[in-house]
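Peer 1: Pasting a structure below so you can have a look.
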Amino acid sequence: MASPFSALIIGASRGIGLGIVRQLSIQGWQVVATCRGAVPVDSPADTQWLKLDINHQAERTALKERLLSQQFDLIFINAGVYGPDHQDIALVNDDELVELFMTNAFSPVRCAAALIPLVKPKIGVMALMTSELSSLNENAAATYPLYAASKAAMNMLTRGLHDTAEQRELTLLSVHPGWVQTDMGGVNAPLTVEESCSGIVNQVLVWRGKGGHRFIDYSGKVLCW
Ligand SMILES: NC(=O)c1ccc[n+]([C@@H]2O[C@H](COP(=O)([O-])OP(=O)(O)OC[C@H]3O[C@@H](n4cnc5c(N)ncnc54)[C@H](OP(=O)(O)O)[C@@H]3O)[C@@H](O)[C@H]2O)c1
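Using my numbering, you'd call the opening residue of the sequence shown number 488 and step up by one each time.
Shown next as structure tokens:
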């Protein structure tokens, strides 16, 4: 029997986003997913695809208007970029910084703020894909500092949604997927997309209905901010 659950996954063309779409589809969820280019050829057949570049205000507005009549058990903002390979504050130019922080911090949280009314009250989850590298506690050495700083900014802006989430009794999750074998994570990462994404979907089910703003990884470990 099909699951009664529904999800909207933002930034799902490949990697972890597409992996979450697959896991949810296997478990019978009704899934709407977004990509900014072509629909992935290996998408589950029952996934509905819509177009969104998260940095385009007009596309964010159009997506929300298109989905206004729906309520989701899960909205997951996954899109993200790594930034320049060198990760050096002395070398990065202003355009690269704007692109990195728009894509990893401002646009995802603007997306989440706009879409939060579409999350089911009480039982719904609004999740954003962050990284343990964002944390001063988990990443005391400031490894990959530009990327890490953009995700730290995302975490704080996400905390700014806490009051709205609390009024609707939603759960806000900032999720670290682990180090995963994707275009971003590279081939040396220890986790497959399937391992990370099956863990993430389990955690959504564990935390749904619990409320608050939590920083967790794919295995359920609670991380320090
Ligand atoms: N892999 C890891 O080890 C790891 C660890 C910690 C956190 N993360 C986070 O997990 C998330 C997914 O990472 P990944 O490893 O799956 O990376 P990936 O393979 O590079 O995929 C990134 C995804 O983000 C999308 N995206 C980027 N910019 C976008 C934009 N402006 N609008 C819409 N979509 C956009 C990409 O779409 P296109 O195909 O159109 O480019 C793609 O679907 C990211 O937020 C990343 O920071 C990953």
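All C-beta atoms in this analysis are idealised placements derived from N, C-alpha and C, irrespective of residue type, glycine included.
From this set, G515, G502, S500 and G647, which residue's C-alpha is nearest S490's C-alpha?
Peer 2: G515
Peer 1: Give the DSSP-derived three-state secondary structure of T521 in the structure shown.
Peer 2: strand
Peer 1: Assuming F563 and I496 make a contact with CB atoms under 8 Å, what is their CB distance in whole Å?
Peer 2: 5 Å
Peer 1: From L633, R501 and T534, pick the residue whose C-alpha is nearest to that of D670; which is it?
Peer 2: R501
Peer 1: For F559, which residues does DSSP report across the bridge?
Peer 2: V606
Peer 1: Taking just the CA atoms, how far does S685 sit from H649?
Peer 2: 26 Å
Peer 1: Would you say K609 and E656 are within 7 Å of each other, going by their C-beta atoms?
Peer 2: Their beta carbons are under 7 Å apart, which means K609 touches E656 by this criterion.
Peer 1: Just list the residues that DSSP pairs S661 with in beta bridges.
Peer 2: L615 and F702
Peer 1: Could you check what DSSP says for Q535 in three-state terms: helix, strand or coil?
Peer 2: strand
Peer 1: So which of V709, N624 and L692 has the shortest CA-CA distance to H663?
Peer 2: V709
Peer 1: How long is the line joining the alpha carbons of W536 and S556, rounded to whole angstroms?
Peer 2: Roughly 17 Å separates the two Cα atoms.
Peer 1: What are the boundary residues of the alpha helix (DSSP H) that includes I687?
Peer 2: Note, I687: alpha helix (DSSP H), V680 to W694.
Peer 1: Count the other C-beta atoms from every protein chain shown that fall within 10 angstroms of the C-beta of N642, then say buried if there are 16 or more, exposed otherwise.
Peer 2: buried
Peer 1: Is the region 619-635 touching the region 697-711, taking contact as three or more C-beta pairs under 8 Å?
Peer 2: Yes, the region 619-635 is in contact with the region 697-711.
Peer 1: Give the single residue among V518, L511, I541 and D575 whose Cα lies nearest to the Cα of G498.
Peer 2: I541
Peer 1: Taking Cβ positions, are V667 and L561 nearer each other than 7 Å?
Peer 2: no
Peer 1: Going by the C-beta, is S618 closer than 6 Å to any heavy atom of ligand 1?
Peer 2: yes
Peer 1: What separation, rounded to the nearest whole angstrom, lies between the Cα atoms of N565 and C598?
Peer 2: 11 Å
Peer 1: Could you tell me the distance, in whole angstroms, from the CA atom of A520 to the CA atom of Q574?
Peer 2: 30 Å
Peer 1: To the nearest angstrom, how far is the alpha carbon of V688 from that of P595?
Peer 2: 20 Å
Peer 1: If you draw a straight line from the alpha carbon of L584 to that of G570, how long is it in whole angstroms?
Peer 2: Near 8 Å, if we compare the C-alpha coordinates of G570 and L584.
Peer 1: Helix, strand or coil for A494? Go by DSSP, reduced to three states.
Peer 2: strand
Peer 1: What's the gap between the Cα of L678 and the Cα of L605?
Peer 2: The alpha-carbon atoms of L678 and L605 are separated by roughly 32 Å.
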